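A short worksheet on the structure shown next.
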Amino acid sequence: MRINDVTLKVGGEAGSGILTVGHMFAKLMQKSGLQVFLTNDYPSLIKGGHNTITVRANPQRIYALTAGIDILIALDKKTVQEHYRELREGGALIYDSGKLKEEDVKLERPDVRKIGVPLSKIATEAGGDIFFNQAAMGAMLALLKMDLAKYDHMIEKAFGRKGADIVAKNKQVVRAGADHVRTNYPDPFGINVNPVQTDARNLLINGNDALCSGAVAAGVHLVAEYPMSPSSSVLHWMAAHAVKYNIVVKHTEDEIAAMNWLCGAGFAGVRCLTATSGGGFSLMNEALGNAGIAEIPCVIINDMRCGPSTGLPTYTEQADLRFALHASQGEFPRIVAMPGDAQEAFWMMVDVFNMADLVQTPAIVLMDKYVAESVTTIPSIKAEQVRIDRGLLQTDAQMAEAANFKRHALTPSGISPRCIPGQKNGIHVCSSYEHDETGYTSEEASMRIAQIDKRERKMRAISPLLYQPAFFGDQSSDLLVVSWGSSKGPVMEALKLLAAKGKSVRYMHIRYACPFAADTISAALKRAKKSLIIEGNSEGQMRNFIREKTGLLIPELYRRYDGRPFEAEEVAAVIEERLLK
Numbered sequence: 092m093r094i095n096d097v098t099l100k101v102g103g104e105a106g107s108g109i110l111t112v113g114h115m116f117a118k119l120m121q122k123s124g125l126q127v128f129l130t131n132d133y134p135s136l137i138k139g140g141h142n143t144i145t146v147r148a149n150p151q152r153i154y155a156l157t158a159g160i161d162i163l164i165a166l167d168k169k170t171v172q173e174h175y176r177e178l179r180e181g182g183a184l185i186y187d188s189g190k191l192k193e194e195d196v197k198l199e200r201p202d203v204r205k206i207g208v209p210l211s212k213i214a215t216e217a218g219g220d221i222f223f224n225q226a227a228m229g230a231m232l233a234l235l236k237m238d239l240a241k242y243d244h245m246i247e248k249a250f251g252r253k254g255a256d257i258v259a260k261n262k263q264v265v266r267a268g269a270d271h272v273r274t275n276y277p278d279p280f281g282i283n284v285n286p287v288q289t290d291a292r293n294l295l296i297n298g299n300d301a302l303c304s305g306a307v308a309a310g311v312h313l314v315a316e317y318p319m320s321p322s323s324s325v326l327h328w329m330a331a332h333a334v335k336y337n338i339v340v341k342h343t344e345d346e347i348a349a350m351n352w353l354c355g356a357g358f359a360g361v362r363c364l365t366a367t368s369g370g371g372f373s374l375m376n377e378a379l380g381n382a383g384i385a386e387i388p389c390v391i392i393n394d395m396r397c398g399p400s401t402g403l404p405t406y407t408e409q410a411d412l413r414f415a416l417h418a419s420q421g422e423f424p425r426i427v428a429m430p431g432d433a434q435e436a437f438w439m440m441v442d443v444f445n446m447a448d449l450v451q452t453p454a455i456v457l458m459d460k461y462v463a464e465s466v467t468t469i470p471s472i473k474a475e476q477v478r479i480d481r482g483l484l485q486t487d488a489q490m491a492e493a494a495n496f497k498r499h500a501l502t503p504s505g506i507s508p509r510c511i512p513g514q515k516n517g518i519h520v521c522s523s524y525e526h527d528e529t530g531y532t533s534e535e536a537s538m539r540i541a542q543i544d545k546r547e548r549k550m551r552a553i554s555p556l557l558y559q560p561a562f563f564g565d566q567s568s569d570l571l572v573v574s575w576g577s578s579k580g581p582v583m584e585a586l587k588l589l590a591a592k593g594k595s596v597r598y599m600h601i602r603y604a605c606p607f608a609a610d611t612i613s614a615a616l617k618r619a620k621k622s623l624i625i626e627g628n629s630e631g632q633m634r635n636f637i638r639e640k641t642g643l644l645i646p647e648l649y650r651r652y653d654g655r656p657f658e659a660e661e662v663a664a665v666i667e668e669r670l671l672k
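The sequence shown lines up with residues 92 to 672 when you count with our numbering.
What follows is the structure in C-alpha cells.
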C-alpha cells in the first residue's frame, strides 16, 4: 500500500469541468498536508478540443511531474484512448459508464482497474451537467479512502456565495459518486491519502500569480496590459486586487499602448508593470527603446510561448532569450530575469523592481507557459523580508535644495538623480531623442558617446549578490548540469531520481541573463570535467550566450522544442548518458 503519493490526470473537452476537478483536488491535497504540483495541457480553443490537467501530490517538495499516473478520470472517449497507457501498474481508470460503452474502455492493460460510475446520470438527477465533475471527484475520493468532511468545507467556501441549495447539491453529487464506488468497487486500491499534521503554512500558487504577488509587495501601482495567452491571468489577477492594493489597472487597446503607459507612469515615479507574450512583446519594442534612452524604470513580463508569429499559443518554449536581450534598436542596458519556479518568481520580482529603479532602465522578466500556469506549493512568504529601494528618486526636500537640475547628469556611476513631475526645481525635458545632461536634444558626437557610456556603466551599480546563479545537487561533483528558467523543475526532479540510484551531479541554475554573472559561471564550467546544458529551444540560445560572455562552449546540449516541458525521467536519462557514462 502506497501512502500519500498519488498522481491524477483528468481529461475531457474544454468546458467539461476538468479544471475544477484538478484545482479542487490540488487544494484538498494541500489542506491534507501534502506538497502539490499541477499543470495543464490544452489547445487554442475556447470550447471543445482535448484538454487535460495533471496533479501530483507527495509529502516532499515537488518541482515537476514525473512519468506515469495513478488515476485517470476520463470524461470522454478520447481521454481513454490517448492516456490509459500512462497509468502505472495497479492504476485506476474512472469513467462515465452512462456515456462510454464497454468497448470504449477495452484496454490492453489487465493490470489497470476500470471503475465505471454513472457520472452524467448522477449529475442530471442533481440538476444538470454542471455537477458532472463533482460526481467524478466523489468517486476518486472514495477510491483513495479519504474522509469527505474536509472536502465539504471546501465546497462551502467555493460555492457558498451561490446559495445553500447549490452547496447542498454539490455535496449530494460528491456523495453519490463516492457511494457508487464504495458499493460496487469495494476492493482496496493500492494508494491511500492520509492527512499529515504539519506546522508549515504553504501557499498554492502558479507562476503568474507569484509574479503579481511579488509586484504588489514591491509597490506596483500601475498595470497596463492587453491580454495575450499565457500572460492574461496577470491582468485578471491585478484587476481583481486593484482596489485592495491601490493599483490602477488599464486594459489597453493594444500592446503598443500598454508600453507607452509604462513610459508615462515610470516618468511620473510610479512603479509600473505590463505582461505579454512574444507577439505582444514584438509590438512593445519601440516604446521599450524610449524607456531605455529616457532612463525610465518599468517592468515587462514576457510569458514565452511557441513562436514565431502565432506559433502554438497554448504551449511552452524558451526561445525568446535572444529577443529579450536585443529587443529594440540601438544599444541600451536592460535587466533580464528568468525565474525557474513560483517561489523565485515572487522574490525575483521584488529584486527586479529595485534594480530597475536603481539603474533607471526597463526590466524584462522571462517566464514561459509551463511555470506561468503550473500550480505548486511554496513556503509561505514573510512580507517583512521584502525590501523596497527606489534608488536616486529624489524627495521634495532634496529637490528644494537642487540647483540647475540635470536629469541625465554624467555621474561617475552613470546613475543620475531622478525627480517626478511637479517637484520644485525639477523642470526638465524627457523625450526619445539623444540628449545632453539636461534632457535637451543633442547631436554632438562627444555628448552621444558620453550618454551611451553613461547608460552602460549604470549596470555596474547592481550588487553581484543579486544575480548569481543558484547551485544544487552535489557541490563536490565535477559533473555539471546547466539550465535556466522553467527547465529548473524537471532538472531538480531528475536529481532526485539519480540520487535514488546512488548517482549525483552538480547543477547550476542561471537566473539572470542581464546582468550576467560571467565570472561565477565561467569558474563553474572550468572546474567541471563534463558539462551539459538543457534548454527548451532549438538553437541552444543560453549555450551560445554563455560562449559569447565567457568564451567557453558547453560540450553537451540537450534541447526540446515541441512545445512540451521536459520530463524528469527524460532529463535523468540524458544526464546518465551524457555525463555519468
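Note that the Cβ used here is the ideal one computed from N, Cα and C, for glycine as well.
Just so we're clear, the structure is a prediction, and the values are computed from it rather than from any experiment.
Nearest to residue i (by Cα), restricted to the options the options
i    : options                : result
P430 : G530, V477, I392       : I392
K168 : I185, K592, E525       : I185
T479 : P560, G310, H526       : As written in the sequence, residue 479 is Ile, which differs from the Thr given in the question. Among P560, G310, H526, the Cα nearest to that of I479 is on G310.
S522 : F358, E475, L239       : F358
M263 : G229, L295, I296       : Position check: residue 263 holds Gln in this sequence, whereas Met was assumed. Checking every option, the nearest Cα to that of Q263 belongs to G229.
L374 : V390, A418, L457       : A418
G593 : E667, P424, G140, D238 : E667
P209 : S368, F223, W352       : F223
V596 : R618, T611, A609       : R618
P321 : N131, K205, F636, P150 : N131
V477 : A585, G305, K515, K248 : G305
M115 : E173, K241, T157       : K241
A158 : T98, I206, S135        : T98
G573 : M599, Y461, P560, A183 : Note on residue identity: the sequence assigns Val, not Gly, to residue 573. When each option's Cα is compared against that of V573, the closest is M599.
F372 : G482, D345, P656       : D345
As assigned by DSSP and simplified to three states, the class of residue i
i    : result
E193 : helix
M458 : strand
R179 : strand
R396 : coil
P554 : Going by the sequence as given, residue 554 is Ser instead of Pro. Looking at S554 - three-state DSSP - the assignment turns out to be coil, as it is neither helix nor strand.
N516 : coil
P279 : coil
S304 : helix
L586 : helix
F223 : helix
H600 : strand
F250 : helix
Q434 : helix
I153 : coil
D448 : helix
T365 : strand
Beta-bridge pairing of residue i - partner residues as DSSP gives them
i    : result
D187 : V208
P453 : C389
H526 : T532
Y684 : An answer regarding residue 684 cannot be provided, because it is not within the stretch 92 to 672 covered by the chain.
L374 : DSSP lists no partner for L374.
E316 : H342
Span of the beta strand (DSSP E), counted from its first residue to its last, around residue i
i    : result
M237 : Note, M237: premise wrong, no beta strand (DSSP E); not H, not E.
M429 : Premise fails: M429 is in no beta strand (DSSP E) and is neither H nor E.
V466 : 466 to 470
A148 : 139 to 149
T130 : 126 to 132
V665 : Segment 659 to 669 is the alpha helix (DSSP H) holding V665; no beta strand (DSSP E) there.
Limits of the unbroken alpha helix (DSSP H) element including residue i
i    : result
Y336 : 323 to 336
M490 : 487 to 491
I637 : 632 to 641
K545 : 536 to 548
N351 : 346 to 358
H114 : 109 to 122
Q | Three-pair Cβ contact test at 8 angstroms for the stretch 118 to 138 versus the stretch 287 to 302 | A | As far as the Cβ criterion goes, the stretch 118 to 138 touches the stretch 287 to 302, which means the pair count is three or higher.
Closer than 8 angstroms is the cut-off here; do at least three beta carbon pairs connect the stretch 457 to 472 with the stretch 574 to 591?
Flag = yes, the stretch 457 to 472 and the stretch 574 to 591 touch.
*asked:* Is it the case that the stretch 379 to 398 contacts the stretch 444 to 453, given that we only count it when at least three CB pairs across the two stretches are under 8 angstroms?
replied: Contact between the stretch 444 to 453 and the stretch 379 to 398 is present, with at least three C-beta pairs closer than 8 angstroms.
Assess, as a yes-or-no matter, whether the stretch 528 to 547 is touched by the stretch 555 to 572 under the definition of 3 or more beta carbon pairs within less than 8 angstroms.
-> Touching, no, given that fewer than three Cβ pairs across the two stretches are closer than 8 angstroms.
Check: Touch check for the stretch 440 to 449 and the stretch 617 to 630: three-plus C-beta pairs under 8 angstroms?
Finding: At 8 angstroms Cβ cutoff, the stretches do not touch.
Between the stretch 645 to 654 and the stretch 611 to 622, are three or more C-beta pairs nearer than 8 angstroms? Output reads yes: the stretch 611 to 622 touches the stretch 645 to 654.
* Would you call the stretch 360 to 374 and the stretch 311 to 318 touching, i.e. three or more CB-CB distances under 8 angstroms? -> These segments touch.
Item to check | Three CB pairs or more closer than 8 angstroms across the stretch 547 to 557 and the stretch 395 to 407 | outcome: Contact between the stretch 547 to 557 and the stretch 395 to 407 is absent: fewer than 3 CB-CB pairs across the two stretches fall below 8 angstroms.
Inset, instruction - Mind the definition here: the stretch 226 to 246 touches the stretch 160 to 167 only if three or more C-beta pairs lie below 8 angstroms; say whether that holds. - result: Yes, the stretch 226 to 246 is in contact with the stretch 160 to 167.
- Query: When the Cβ atoms of the stretch 497 to 514 are set against those of the stretch 326 to 344, are three or more pairs found closer than 8 angstroms?
  - Reply: By the C-beta criterion, the stretch 497 to 514 is judged not to be in contact with the stretch 326 to 344, since fewer than 3 inter-stretch pairs fall below 8 angstroms.
- Item | Inter-stretch contact at 8 angstroms, needing at least 3 Cβ pairs: the stretch 193 to 212 / the stretch 167 to 181 | The stretch 193 to 212, when compared against the stretch 167 to 181, does touch it at the 8 angstroms Cβ threshold.
Checklist line | Sufficient close CB pairs (3 or more, under 8 angstroms) joining the stretch 338 to 358 to the stretch 393 to 402 | finding: Output reads no: the stretch 393 to 402 does not touch the stretch 338 to 358.
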